[in-house]
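First comes the structure, then the notes that go with it.
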Amino acid sequence: MPKNAEVDAWFERYDNPMKPVVQAIRTVILGADPRMQECIKWKAPTFTFEGNLASFYPKAKQHASLMFHQGAKIPGRHPLMEGTGETSRVVKLASVAAVKKAKPQLVAIVKAWIAMRTDGASKKKTASKKKTASKKKTASKKKTASKKKTASKKKTASKKKTASKR
């Protein structure tokens, strides 16, 4: 599990009754996939992979609150996430036992996020390769047409020259 020293330092200073719950969520999120990373953004631990997945709301005292920045766009059904807006979703967990119970859902959310981000990148790369191939094909056709045109002009000029000598 790739932990960030900056986030470790943040946790050392974090004085909140939900600290053990927040740390348990951190362990689950980072353990869900080795590509997950963490950093401090907006003065709070944030989980990232090809963009911001989620950030803690550090001031919550009745539960650990994890805001998924683009939660509405994460594919699949994730009943753990609350909210109805167009973009973000929130997960609220009040105990370490609740985190343990929610672990399969949290892992599923992380995996869906990573799949969405890697599939999207894959599609962009494929589209880019197709576009590049198409440009090369068009350039090749233009070059061939230009060569044919030049050859035709030379042939015509040669015929005119031969005709004028006679």
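In this text, residue positions in the sequence shown follow the numbering used here: the first is 3, and each later residue adds one. Where is the CB? At the ideal position from N, CA and C, for every residue including glycine.
Inset, instruction - Starting from Ile31, follow the beta strand (DSSP E) in both directions and report where the run begins and ends. - result: Within the sequence shown, numbered from 1, the residue matching residue 31 stands at position 29. Per DSSP, Ile31 belongs to no beta strand (DSSP E); it is in the alpha helix (DSSP H), 21 to 34.
Legend entry - For Arg37 and Phe51, believed in contact at Cβ under 8 Å, the rounded distance: Taking the sequence shown and counting its residues from 1, the one referred to as residue 51 is at position 49. Taking the sequence shown and counting its residues from 1, the one referred to as residue 37 is at position 35. Right, their Cβ atoms sit about 5 Å apart.
Inset, instruction - Mark Pro19 as exposed unless 16 or more other C-beta atoms lie within 10 angstroms of its C-beta, in which case mark it buried. - result: To locate residue 19, count along the sequence shown from 1; it is residue 17. Pro19 comes out exposed.
Legend entry - Residue of Val98, Trp115, Glu88 minimising C-alpha distance to Ala66: Taking the sequence shown and counting its residues from 1, one reaches residue 66 at position 64. The shortest Cα separation from Ala66 among Val98, Trp115, Glu88 belongs to Val98.
Inset, instruction - Return helix, strand or coil for Glu84, following the three-state DSSP convention. - result: To locate residue 84, count along the sequence shown from 1; it is residue 82. Three-state DSSP puts Glu84 in a strand.
Legend entry - Contact belief for Ala74 with Phe58 at Cβ below 8 Å, rounded distance in angstroms: For the purposes of this step, residue 74 is taken as the residue at position 72 of the sequence shown. For the purposes of this step, residue 58 is taken as the residue at position 56 of the sequence shown. At roughly 19 Å, the Cβ-Cβ gap does not stay under 8 Å, so Ala74 and Phe58 are not in contact.
Legend entry - Cβ-based burial, Pro60 [other Cβ within 10 Å; buried from 16]: As a first step, residue 60 must be located in the sequence shown, where it is residue number 58. The residue in question, Pro60, is buried, as its Cβ has 16 or more Cβ neighbours within 10 Å.
Legend entry - Cα-Cα separation, Cys41 to Ala117: Numbered from 1 along the sequence shown, position 39 holds the residue referred to as residue 41. Numbered from 1 along the sequence shown, position 115 holds the residue referred to as residue 117. The alpha-carbon of Cys41 is positioned some 21 Å away from that of Ala117.
Legend entry - Same chain only: Cβ atoms within 7 Å of Ser124, ignoring 5 sequence neighbours per side: Counted from its first residue, the sequence shown places residue 124 at position 122. In this prediction, Ser124 has a pLDDT of 46, which is less than 50 and means its spatial position is unreliable; nothing more can be read from the coordinates.
Legend entry - Rounded C-alpha distance that separates Tyr16 from Asp121: In the sequence shown, residue 16 corresponds to position 14, counting from 1. In the sequence shown, residue 121 corresponds to position 119, counting from 1. Cα-Cα distance, rounded: 36 Å.
Legend entry - Contacts around Val24, its chain only, beta-carbon distance under 7 Å, and the 5 residues preceding and following it disregarded: Counting from 1 along the sequence shown, the entry for residue 24 is found at position 22. The beta carbon of Val24 sits closer than 7 Å to the beta carbons of Phe58, Ala66 from its chain, once the five residues preceding and following it are set aside; these are given in chain order.
Legend entry - Trp12, DSSP secondary structure in three states: Here residue 12 corresponds to residue number 10 of the sequence shown, with the count starting at 1. Reduced to three states, the DSSP call for Trp12 is helix.
Legend entry - Ala96 versus Ile76 - alpha carbon distance: Stepping through the sequence shown from its first residue, residue 96 is reached at position 94. Stepping through the sequence shown from its first residue, residue 76 is reached at position 74. Rounded to whole angstroms, Ala96 and Ile76 show a C-alpha spacing of 23 Å.
Legend entry - For Val30 and Lys105, the rounded distance between their alpha carbons: In the sequence shown, the residue the question calls residue 105 occupies position 103. In the sequence shown, the residue the question calls residue 30 occupies position 28. Computed Cα separation, rounded: 6 Å.
Inset, instruction - Could you say which of Ile27, Gln39, Lys21 lies nearest to Asn6 if we only look at CA atoms? - result: On the sequence shown, residue 6 is found 4 positions in, with the first residue counted as 1. For the residues Ile27, Gln39, Lys21, the minimum Cα distance to Asn6 belongs to Gln39.
Inset, instruction - Report the option in Ala100, Ser90, Asn54 whose CA atom is closest to the CA atom of Pro22. - result: For the purposes of this step, residue 22 is taken as residue 20 along the sequence shown, with counting starting at 1. For the residues Ala100, Ser90, Asn54, the minimum Cα distance to Pro22 belongs to Ala100.
Inset, instruction - Assign Trp44 to buried or exposed, taking buried as 16 or more other Cβ atoms, counted over all protein chains shown, within 10 Å of its Cβ. - result: Reading the sequence shown from its first residue, position 42 is the one you call residue 44. Under this definition Trp44 is an exposed residue.
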